[in-house]
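J.:
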Amino acid sequence: MAMPDLSRSPDLDFAALDLNFEAFRELARNPHLDAHGKIGFPTAYREGYEPAIFEDIVAKLPRLRSDRGLTVADIGAGCAALPRMLIDLCAEQGHRLVLVDSAEMLAMLPDVEGVTHKVAGAFPACGPALREAAPDGVDALICYSVLHYMFVDTNVFDVVDATVDLLAPRGRALYGDIPNLSKRRRLFASPTGKAVHRAYTGRDEDPPLDLDQPLRGKIDDGVLSGMIHRAQTAGCDAYLLPQNEGLPMANRRDDLLIARP
Ligand SMILES: C[S@@+](CC[C@H](N)C(=O)[O-])C[C@H]1O[C@@H](n2cnc3c(N)ncnc32)[C@H](O)[C@@H]1O
Numbered sequence: 542m543a544m545p546d547l548s549r550s551p552d553l554d555f556a557a558l559d560l561n562f563e564a565f566r567e568l569a570r571n572p573h574l575d576a577h578g579k580i581g582f583p584t585a586y587r588e589g590y591e592p593a594i595f596e597d598i599v600a601k602l603p604r605l606r607s608d609r610g611l612t613v614a615d616i617g618a619g620c621a622a623l624p625r626m627l628i629d630l631c632a633e634q635g636h637r638l639v640l641v642d643s644a645e646m647l648a649m650l651p652d653v654e655g656v657t658h659k660v661a662g663a664f665p666a667c668g669p670a671l672r673e674a675a676p677d678g679v680d681a682l683i684c685y686s687v688l689h690y691m692f693v694d695t696n697v698f699d700v701v702d703a704t705v706d707l708l709a710p711r712g713r714a715l716y717g718d719i720p721n722l723s724k725r726r727r728l729f730a731s732p733t734g735k736a737v738h739r740a741y742t743g744r745d746e747d748p749p750l751d752l753d754q755p756l757r758g759k760i761d762d763g764v765l766s767g768m769i770h771r772a773q774t775a776g777c778d779a780y781l782l783p784q785n786e787g788l789p790m791a792n793r794r795d796d797l798l799i800a801r802p
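Letter by letter, the sequence shown follows residues 542 to 802 in the numbering used here.
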């Protein structure tokens with residue numbers, strides 16, 4: 542199927558798009574899309590949920606609220622409500638915030654006190670520029686709803702290595718909102734998931750399990766376990782965490798936390 546013109550089409554089926562860093566640059570330029578569309582979400586997936594998502598992030602990175610004067614990085618910040626909430630929290634707590642994304646996305650975020658740097662480029666290739674912006678390391682790194690796009694563009698072990706390299710002592714990195722194909726399959730093999738599928742499709746049939754297909758472009762338990770092992774081997778603790786149950790995709794997504802002792 543031909544890819545629609547992401548920078549101009551007023552009517553995109555987000556579920557059918559194969560997005561990566563370059564594709565998001567085009568969405569960011571599309572004048573017909575609202576902030577949710579520019580970050581690749583149908584409005585209904587995000588609108589109204591951001592405060593709960595943000596609280597879930599802060600619960601996993603509690604020093605964002607308990608400490609002052611930290612260095613914080615938001616990788617793949619996008620242009621919707623989450624980075625704006627983070628900008629406000631960092632201003633309240635006197636944190637230095639480094640935003641990382643394409644120049645097109647970053648241009649839509651405000652240049653305010655506390656946002657010390659905007660690093661335009663794809664992570665982990667932009668790691669050296671990020672290190673320059675945070676020479677003493679990062680205390681809290683957020684990368685929310687981005688890892689599955691990195692998985693298409695780059696080696697996720699490079700992502701872990703660059704993250705471990707950036708973390709200051711006691712620093713934490715949260716790779717949040719990761720679609721985990723294994724978790725989705727477990728859900729759809731269960732009575733709960735079958736009922737969810739029936740309610741969503743309106744059809745009286747079980748979800749397809751697709752157990753004989755290549756997993757091209759998909760993250761599963763094996764990928765996440767490998768990333769955890771990689772971070773642990775490099776001297777960090779690492780954990781797979783559930784999302785708060787009230788979040789829109791909590792039943793099929795995981796969060797990965799990497800913590801330097
Ligand atoms: C689904 S949006 C998420 C935006 C924001 N984190 C949120 O949850 O509201 C994905 C974002 O990641 C950015 N992105 C994709 N790959 C990236 C990479 N390798 N490095 C930095 N940003 C990336 C895209 O430009 C886009 O803004």
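C-beta atoms are modelled at their ideal positions from N, C-alpha and C, and glycine is treated no differently.
#1: Quick check: the segment 607-623 against the segment 720-728, are there 3 or more CB pairs under 8 Å?
#2: For Arg711 and Asp745, I'd like the C-alpha separation in whole angstroms.
#3: Who are the Cβ neighbours of Thr695 in its own chain at under 8 Å, not counting the five residues just before and after it?
#4: Please list, in chain order, all residues of the same chain as Gly787 whose beta carbon is under 7 Å from its beta carbon, the five residues on each side excluded.
#5: Using a Cβ-Cβ cutoff of less than 8 Å, which residues in the same chain neighbour His577 once the five nearest sequence positions on both sides are dropped?
#6: Suppose you measure from the CA of Asp796 to the CA of His770; what does that come to, to the nearest Å?
#7: Three Cβ pairs or more, each shorter than 8 Å: is that satisfied between the segment 731-751 and the segment 774-781?
#8: Would you check if the distance between the CB atom of Gly844 and the CB atom of Val693 is smaller than 8 Å?
#9: Tell me which residue opens and which closes the alpha helix (DSSP H) that Val653 is part of.
#10: Can you list the beta strand (DSSP E) stretches of 3 or more residues lying completely in the segment 546-622, in chain order?
#11: Does chain D have any CB closer than 8 Å to the CB of Ser550?
#12: Let me check one thing: in DSSP terms, what residues is Ala779 bridge-paired to?
#13: Does the Cβ-Cβ distance between Leu605 and Ala681 come in under 8 Å?
#14: Report, in whole angstroms, the separation of the C-beta atoms of Pro783 and Ala791, which I expect to be a contact under 8 Å.
#15: Alpha carbon to alpha carbon, what distance is there between Val687 and Phe698?
T.: Taking the coordinates as given:
#1: no
#2: Locating residue 711 in the sequence shown gives position 170, counting from the first residue. Locating residue 745 in the sequence shown gives position 204, counting from the first residue. In a straight line, the C-alpha of Arg711 is about 50 Å away from that of Asp745.
#3: To locate residue 695, count along the sequence shown from 1; it is residue 154. Within the same chain, Thr695 has close Cβ partners Ala663, Pro665, Ala666.
#4: Position 246 of the sequence shown, counting from 1, holds the residue named residue 787. Here the set comprises Ala593.
#5: Counted from its first residue, the sequence shown places residue 577 at position 36. Excluding residues within five positions, the ones whose Cβ falls inside 8 Å are Pro583, Thr584, Tyr586, Arg587, Glu588, Ala621.
#6: Stepping through the sequence shown from its first residue, residue 796 is reached at position 255. Stepping through the sequence shown from its first residue, residue 770 is reached at position 229. C-alpha separation (whole angstroms): 15 Å.
#7: no
#8: Residue 844 lies beyond the range of the chain shown here (542 to 802); nothing can be said about it.
#9: As a first step, residue 653 must be located in the sequence shown, where it is residue number 112. First-last for Val653: undefined, no H or E at that position.
#10: 612-616
#11: Here chain D cannot be found, since the structure has a single protein chain.
#12: Taking the first residue of the sequence shown as 1, we reach residue 779 at position 238. Paired residues: Ile799.
#13: Sequence index remark: in the sequence shown, residue 605 carries index 64 (1-based). Sequence index remark: in the sequence shown, residue 681 carries index 140 (1-based). In contact: Leu605 and Ala681 (Cβ atoms closer than 8 Å).
#14: Against the sequence shown, residue 783 aligns to sequence position 242. Against the sequence shown, residue 791 aligns to sequence position 250. The Cβ separation is near 7 Å, so the contact holds.
#15: The count along the sequence shown starts at 1 and reaches residue 698 at position 157. The count along the sequence shown starts at 1 and reaches residue 687 at position 146. Approximately 15 Å, taken between the alpha carbons.
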